[in-house]
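Since the structure comes first, as structure tokens, the remarks are kept for the end.
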Amino acid sequence: MKHIIITTLAFISLLDAKPKFTDQQIAAMTPQYFKRNHSAPKLTGLKIYSEKGERIYQVEILVSRNRSNDDLSFAVSALANMGQYAKKPFKKYVVVMHSNMRGKGSDICEANSRCTADYMIRKQVTYDHWYKKCVTFING
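Residues in the sequence shown are numbered consecutively from 1, following our numbering.
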């Protein structure tokens, strides 16, 4: 009986485990994530890199003036959803937003990956907590 319980628990944990992908695989899947949603912003760039010992997952998007908040939300959510499958966890998600408005520079949103997953995936923190504690903006 003990053997059956241990085998069952091991099987359940295998079913619950998420597949893990390399950076190259994550980078290859990201454009498809954006393409499959008709309301997604246009993905113009993608980079996975390390800086000061922190792994960073970055996308660049083209945002429209009327949808910039929705475009940013989609991009951060995409990073959180894709990032949870990385073999090596990311420390930070970065969204570079290029505007289609003449004379407006790029805006950059940096989000702590763990806190972002707590909000967007695990639903453990509120939007206000996430926005105030986990995100910073740099205006270009």
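Glycine included, each C-beta is placed from N, C-alpha and C at the ideal position.
- Message: As a quick exercise: from Ser64, Asn66, Lys88, Val63, pick the residue whose alpha carbon is nearest that of Thr22.
- Response: The candidate whose alpha carbon is nearest that of Thr22 is Lys88.
- Which runs of the beta strand (DSSP E) fall wholly inside the stretch 35 to 107 and span at least 3 residues, in chain order? List check, beta strand (DSSP E) in window: 42 to 51, 54 to 63, 92 to 99.
- Item | Cβ contact check for the stretch 84 to 100 and the stretch 50 to 65: 3 or more pairs under 8 Å | Under the three-pair Cβ rule at 8 Å, the stretch 84 to 100 counts as touching the stretch 50 to 65.
- Message: Less than 7 Å between the beta carbons of Val135 and Ala117, yes or no?
- Response: Taking 7 Å as the Cβ cut-off, Val135 and Ala117 do not qualify as a contacting pair.
- Task: Determine the DSSP secondary structure at Thr136, reduced to helix, strand or coil.
- Result: DSSP places Thr136 in strand when its eight states are reduced to three.
- For the alpha helix (DSSP H) that contains Arg114, what are its first and last residues? Per DSSP, Arg114 belongs to the alpha helix (DSSP H) from 113 to 120.
- Query: By the 10 Å Cβ neighbour count, where 16 or more other Cβ atoms means buried, how is Glu60 classified, buried or exposed?
  - Reply: That one is buried.
- Sequence-distant residues of the same chain with beta carbon closer than 8 Å to Met101, five excluded per side: Same-chain partners within the cutoff: Arg65.
- Task: Tell me whether the beta-carbon of Ala28 lies closer than 7 Å to the beta-carbon of Leu46.
- Result: In this structure, Leu46 does not lie closer than 7 Å to Ala28 by Cβ.
- Item | Close-in-space but distant-in-sequence residues of the same chain around Thr30 (CB under 8 Å, 5 per side omitted) | Around Thr30: Leu43, Leu46, Val59, Ala78, Met82.
- Query: Would a check of beta-carbon distances place Gln24 closer than 7 Å to chain D?
  - Reply: This model lacks chain D altogether, as it is built from one protein chain only.
- Query: Do Ala80 and Met120 come within 7 Å of each other at the CB atom, strictly closer than that value?
  - Reply: Their beta carbons are under 7 Å apart, which means Met120 touches Ala80 by this criterion.
- Trp130 to Arg114, Cα distance in whole Å? Going from the Cα of Trp130 to the Cα of Arg114 covers about 10 Å.
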